[in-house]
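Just below is one structure, and these are the notes that go with it.
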Amino acid sequence: MIRESERCSAVLALGGGGARGLAHLGVIEILHQMPLTIERFVGVSIGSLAGALCAVDHDDQRLQQRVVSYLTSEAFLSKQAALFSAAPEAEEPSTSGLFEWYHQVRRFLGARRKLANLFSKPALLAEDVMQDVVDTLLPDMDIRDLKVPLSIVALDLYSGRKIVLTEGSLKDAVMASTAIPGVFPPVKWDSMLLCDVGMMDAIPAKIASSYGADLTISVDVGAQLEPIERCPTAVDVFLRLGDIGEHLMRDYTRGLSDFLIRPDVASTSWYDFSAPNSLIVTGRQAAREFLAAGNCFRRLNRHTEHAIHLTGRS
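Heads up, the sequence shown is in the numbering used here, so the first residue is 1406 and it goes up one at a time.
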């Protein structure tokens, strides 16, 4: 048994990455088995949803079963099929990152030229997909009433500033943080208009470290930036710069945490929720490998320094 005085305190920074963020649940499950007290979750985009789920329900197995049951239900599959279906002969996306949706739009509409018609609308997709996820998986409650404190990070389009939500509607806050610009409509919040900040700050390590816990642990579920052979149009150049900018920012923010866990989920597209169990297992594996690699969590108190060596064995 580990005495409470010997436990490290930690804040988890949960990054964005769409469906890849299901790996967060596996990582958190393993961390819960360690001599570690998770004092707060800080989430961006899908990381805000994962943090909210774990802050509401501490039973990892029950939570995972509920999430997987929903994502494999006819209700969710029918929505995903309607919104992201593609012609069998369509070419697979050649780039990765936040703007993979652009290539999905090409496939969904069947011709790139039709994309221009969408710029007169608030967003490419209606909010009902994420709204259904949030309504099904999260309770109607205030963020302040969660069992574990949660900070949800979003971007205010009006002021151009990052916003950290620690009170107010949990559902609305998650909707705001997961509102990918151009894909889902932004969310009104008081005098602000909030959306996903993932392109500019996909790993909220700086905010997480500001809470002063013994450790800041970041979980990165981003895609790899793959080389491309062509960039023929101005739109292609713009979108490619978005991909590159996101990855450059990830590289920077990774270094702001004490420890970084990176599940091997880069090959999964952000919109592909078809294998939730596999993504959760990958998160568990990444956390176990990280801990078994000889990493050492150190906490300081008034008298001495304790070193708690963690392994992946439960």
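We put the CB at the ideal spot given by N, CA and C, even for glycine.
Counting every other CB atom within 10 Å of its CB across the protein chains shown gives residue 1474 a total below 16, marking it as exposed.
For residue 1414, the enclosing beta strand (DSSP E) has its first and last residue at 1413 to 1419. Residue 1620 places its beta carbon 7 Å or farther from that of residue 1561. Annotated as distal: residue 1624 and residue 1670, with beta-carbon spacing of 7 Å or more. The shortest CA-to-CA distance from residue 1418 to any of 1677, 1686 and 1655 is the one to 1655. The residue among 1604, 1575 and 1608 with its C-alpha nearest the C-alpha of residue 1592 is 1575. Here residue 1429 is buried. Its C-beta has 16 or more other C-beta atoms within 10 Å. For residue 1443, the three-state secondary structure derived from DSSP is strand. Three or more Cβ pairs closer than 8 Å define a contact, and the segment 1566 to 1574 falls short of that threshold against the segment 1526 to 1540. Judged by their CB atoms, residue 1609 and residue 1449 are nearer to each other than the 7 Å cut-off. With respect to the 7 Å criterion, residue 1613 and residue 1414 are not classified as neighbours on the basis of their beta carbons. With the rule of 3 Cβ pairs closer than 8 Å, the segment 1546 to 1557 counts as touching the segment 1453 to 1466. Ranking 1657, 1594 and 1611 by CA distance to the CA of residue 1563 puts 1594 first. With a cut-off of 8 Å on Cβ pairs, the segment 1433 to 1440 is not in contact with the segment 1671 to 1680, counting fewer than three such pairs. Only buried fits residue 1445, as 16 or more other CB atoms lie within 10 angstroms of its CB. Around the beta-carbon of residue 1533, fewer than 16 other beta-carbon atoms lie within 10 Å, marking it exposed.
Collapsing the DSSP output to three states places residue 1448 in a strand.
Here the alpha carbon of residue 1596 sits roughly 25 Å from the alpha carbon of residue 1544. In the DSSP assignment, residue 1568 falls outside any alpha helix (DSSP H) and lies within the beta strand (DSSP E) extending over 1567 to 1570. The C-alpha of residue 1481 lies about 30 Å from the C-alpha of residue 1652.
Of all alpha-carbon atoms in 1685, 1692 and 1690, the one lying nearest the alpha-carbon of residue 1472 is that of 1685. In this structure, the beta-carbon distance from residue 1666 to residue 1432 falls below 7 Å.
Excluding sequence positions up to five before and after residue 1642, its CB lies within less than 6 Å of the CB of 1636, all in the same chain and listed in chain order.
The shortest CA-to-CA distance from residue 1412 to any of 1424, 1442, 1425 and 1422 is the one to 1442.
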